[in-house]
Amino acid sequence: MQRWVLHIDMDAFFASVEQLTRPTLEGRPVLVGGTSGRGVVAGASYEARVYGAHSAMPMYRAQQLVGLRAVVVQPRRVVYSAASRRVFEIIAQHVEVIEQLSIDEAFMEPAALEGASADEVKRWADELRARIREETGLPCSIGAGSGKQFAKIGSGEAKPDGTFVIPAERQLDMLHPLAVGKLWGVGPVTGAKLKSIGVETIGQLAAMTRKEVEISIGSVVGLQLWQLARGIDDREVAPRAISKQISTEHTYPKDLQTAPEVDAAIARAAEGAHRRLLKDGRGARTVTVKLRMADFHIESRSTTLPYATDDAAVLTAAAFKLARYPDELGPIRLVGVSYSGLENARQDVLFPELDREIVRPAPADTDYENGISDDTAPGPAAPLATLTVEEETDNHWHATQDVYHPDYGHGWIQGAGHGVVSVRFETRVTGPGRTKSFAADDPALVPADPLDSLDWQDWLNSES
1 MQRWVLHIDM DAFFASVEQL TRPTLEGRPV LVGGTSGRGV VAGASYEARV
51 YGAHSAMPMY RAQQLVGLRA VVVQPRRVVY SAASRRVFEI IAQHVEVIEQ
101 LSIDEAFMEP AALEGASADE VKRWADELRA RIREETGLPC SIGAGSGKQF
151 AKIGSGEAKP DGTFVIPAER QLDMLHPLAV GKLWGVGPVT GAKLKSIGVE
201 TIGQLAAMTR KEVEISIGSV VGLQLWQLAR GIDDREVAPR AISKQISTEH
251 TYPKDLQTAP EVDAAIARAA EGAHRRLLKD GRGARTVTVK LRMADFHIES
301 RSTTLPYATD DAAVLTAAAF KLARYPDELG PIRLVGVSYS GLENARQDVL
351 FPELDREIVR PAPADTDYEN GISDDTAPGP AAPLATLTVE EETDNHWHAT
401 QDVYHPDYGH GWIQGAGHGV VSVRFETRVT GPGRTKSFAA DDPALVPADP
451 LDSLDWQDWL NSES
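Heads up: the sequence shown begins at 1 in the UniProt record's numbering, then just goes up one per residue.
Below, the structure written as structure tokens:
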């Protein structure tokens with residue numbers, strides 16, 4: 001009987017949650033992420049993607065692309081986590097086993113669909129999407145096929161807010177014309193190797209002989225990719241173990257010889273690990289910098305923060321405090337940054353700018369954890385002017401912060417400066433709200449729990 005694996009992916013999840021809980025943002029180009037000079041886009045609404053903005057892009061570049069219409073929102077991880085839990089609670093009511101990949105995507109293999117027709121699978125998926133939309137207000141896309149590879153491709157074709165089913169008889173016709181980089185597991189290095197021998201599509205990889213694959217890209221990874229390219233994907237859908245560490249590392253074709261080269265490599269690895277941390281949905285306490293030297297031995301240093309955070313600037317600054325350079329160690333061929341001590345709870349710090357300051361590393365005898373190894377291996381649009389989000393802060397207020405006023409309820413700060421705070425009062429259930437201005441020291445205006453913007457109190461209470 002036909003096996004059906006489904007991949008569900010929440011559409012522009014972070015931005016969609018912001019648009020859901022702040023109705024004025026519906027239909028507008030929303031960029032979720034840090035606003036500092038090193039800020040990175042954690043999520044972009046489809047309205048922002050039209051301009052070329054996307055996740056993992058430097059925030060300043062995304063703002064340049066979108067222009068004055070861009071609304072930059074600081075991430076509210078606690079709200080995204082709650083929305084994710086509710087979505088997966090709904091999925092769990094319909095599916096026995098879920099392989100959750102991140103805060104906003106998962107594989108499923110519903111027993112009810114074993115041997116089902118493509119039309120039956122589509123109806124089932126559409127009903128699940130409708131249920132999620134009805135209960136949470138959030139859109140998602142679902143792809144379905146005979147294995148994980150086809151399900152993942154299908155969800156990409158389904159976006160946004162759709163279902164795409166790939167029947168077994170059509171899967172190779174659809175798979176083979178795609179660029180080889182679309183194949184699961186083909187990264188930049190493998191992609192470059194394949195391109196160098198003239199392989200640019202998945203079909204061209206599938207047409208290679210086993211021997212050619214082993215010679216070109218290896219007998220382990222190469223054969224796995226070759227099987228996927230031929231449509232063979234029998235990987236099991238099973239719950240994933242919770243990651244204890246998130247990391248990114250890069251091996252450089254030429255050894256790094258100077259401090260600026262190492263600095264750039266640390267920044268690159270820290271940014272890559274941070275992207276994965278955001279996708280994971282947790283914060284990190286411990287930062288580790290790993291260096292593999294030209295003679296293949298490894299130097300590593302770790303430091304632990306007093307709190308868990310997903311603030312890119314804080315984590316990057318911690319990594320730079322651990323840096324060591326060629327003038328001390330000799331040529332460096334690999335640089336990696338990892339985050340561990342992962343926790344769901346993240347703590348707001350009174351003066352985060354102190355932890356974001358990048359400083360030169362301390363002397364080697366400082367009491368860090370050091371390690372050495374010899375491892376060789378849609379509402380009505382408000383006027384655009386009212387949606388300008390100012391970066392300037394006043395006292396303890398900052399743009400996009402959740403606040404509460406006894407007369408107007410829950411809202412969020414659109415701008416703060418020159419002794420005035422501008423607040424848009426709205427939640428998921430209110431529709432686009434009105435803007436009010438207050439003195440920055442108005443005692444009636446107080447910080448609020450971001451979860452209140454969801455207006456899911458009954459559900460949240462049932463969780464505890």
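A virtual CB, placed ideally from N, CA and C, is assigned to each residue, including glycine.
Taking all protein chains shown into account, do 16 or more other C-beta atoms lie within 10 angstroms of the C-beta of residue i, making it buried, or fewer, making it exposed?
| i | result |
| --- | --- |
| histidine 274 | buried |
| residue 468 | Outside the displayed range of the chain (1 to 464) lies residue 468, so it cannot be described from this structure. |
| threonine 209 | exposed |
| threonine 190 | buried |
| arginine 61 | exposed |
| glutamine 414 | buried |
| proline 363 | The pLDDT assigned to proline 363 is 43, lower than 50, so where the model puts this residue is not dependable; a value taken from the coordinates is nonetheless given after this. Looking at its Cβ environment, which holds fewer than 16 other Cβ atoms inside 10 Å, proline 363 is exposed. |
| alanine 12 | buried |
| leucine 68 | exposed |
| isoleucine 195 | Residue identity differs from the one stated: residue 195 is lysine in this sequence, not isoleucine. Classification of lysine 195: exposed, given that the 10 Å Cβ count is below 16. |
| glutamine 63 | buried |
| isoleucine 8 | buried |
| aspartate 327 | exposed |
| glutamate 47 | buried |
Using the DSSP secondary-structure output, state which residues sit across from residue i in a beta bridge.
| i | result |
| --- | --- |
| arginine 282 | For arginine 282, which the question treats as bridged, DSSP gives no partner whatsoever. |
| serine 216 | None, per the DSSP bridge assignment. |
| lysine 244 | Answer by DSSP bridge pairing: none, since lysine 244 is not bridged. |
| methionine 108 | Leu6, Ile98 |
| tyrosine 404 | His410, Val446 |
| methionine 57 | For methionine 57, which the question treats as bridged, DSSP gives no partner whatsoever. |
| valine 30 | Val71 |
| tyrosine 339 | Ile246, Val287 |
Could you tell me which of the options sits nearest to residue i, measuring between CA atoms?
| i | options | result |
| --- | --- | --- |
| proline 253 | Ile202, Tyr307, Gly115, Ala294 | Ala294 |
| phenylalanine 164 | Val237, Trp4, Leu101, Ala238 | Trp4 |
| phenylalanine 425 | Ala15, Pro23, Phe14 | Pro23 |
| threonine 258 | Tyr307, Arg333, Pro188 | Arg333 |
| lysine 122 | Gly162, Ser462, Leu101 | Gly162 |
| valine 79 | Thr136, Val50, Glu26, Gln100 | Thr136 |
| glycine 283 | Asn344, Val335, Pro306, Ile298 | Asn344 |
To the nearest angstrom, report how far apart residue i and residue j are at their CA atoms.
| i | j | result |
| --- | --- | --- |
| residue 471 | tryptophan 124 | Nothing can be reported for residue 471: it is not among the residues displayed for the chain, which extend from 1 to 464. |
| glutamine 401 | glycine 431 | 19 Å |
| threonine 286 | leucine 31 | 28 Å |
| leucine 138 | isoleucine 132 | 7 Å |
| phenylalanine 296 | leucine 277 | 28 Å |
| serine 84 | alanine 92 | 12 Å |
| aspartate 104 | lysine 279 | 8 Å |
| threonine 309 | glycine 39 | 15 Å |
| alanine 264 | alanine 130 | 46 Å |
| aspartate 441 | valine 423 | 14 Å |
| isoleucine 266 | histidine 398 | 29 Å |
| threonine 303 | glycine 272 | 19 Å |
| aspartate 458 | leucine 451 | 12 Å |
| glutamine 100 | isoleucine 246 | 16 Å |
| glycine 43 | alanine 168 | 33 Å |
| arginine 301 | aspartate 255 | 20 Å |
| glycine 409 | serine 102 | 33 Å |
| leucine 146 | glycine 187 | A small correction: the amino acid at residue 146 is serine; leucine does not occupy that position in the sequence shown. Going from the Cα of serine 146 to the Cα of glycine 187 covers about 23 Å. |
| alanine 444 | leucine 329 | 57 Å |
| serine 141 | isoleucine 153 | 11 Å |
| glutamate 219 | valine 213 | Note that residue 219 is serine in the sequence shown, not glutamate. Distance between the alpha carbons of serine 219 and valine 213: 7 Å. |
| glycine 198 | threonine 251 | 24 Å |
| glutamate 114 | glycine 52 | 40 Å |
| alanine 238 | valine 97 | 6 Å |
Checklist line | Contained beta strand (DSSP E) runs [length at least 3] in the region 116–172, N- to C-terminal order | finding: 140–145, 163–165
Next item on the list: Just list the beta strand (DSSP E) runs in the region 296–334, keeping only unbroken ones of 3 residues or longer that don't cross its boundaries, in chain order.
Entry: 298–309
Notebook entry, point to check: Along the chain, which unbroken stretches of the beta strand (DSSP E) at least 3 residues long are found entirely within the UniProt region "Disordered" (432–464)?
Noted result: 434–439
Check: Enumerated in chain order, which unbroken segments of the alpha helix (DSSP H) with a length of 4 residues or greater are wholly contained in the region 187–240?
Finding: 188–196, 202–206, 210–217, 221–229
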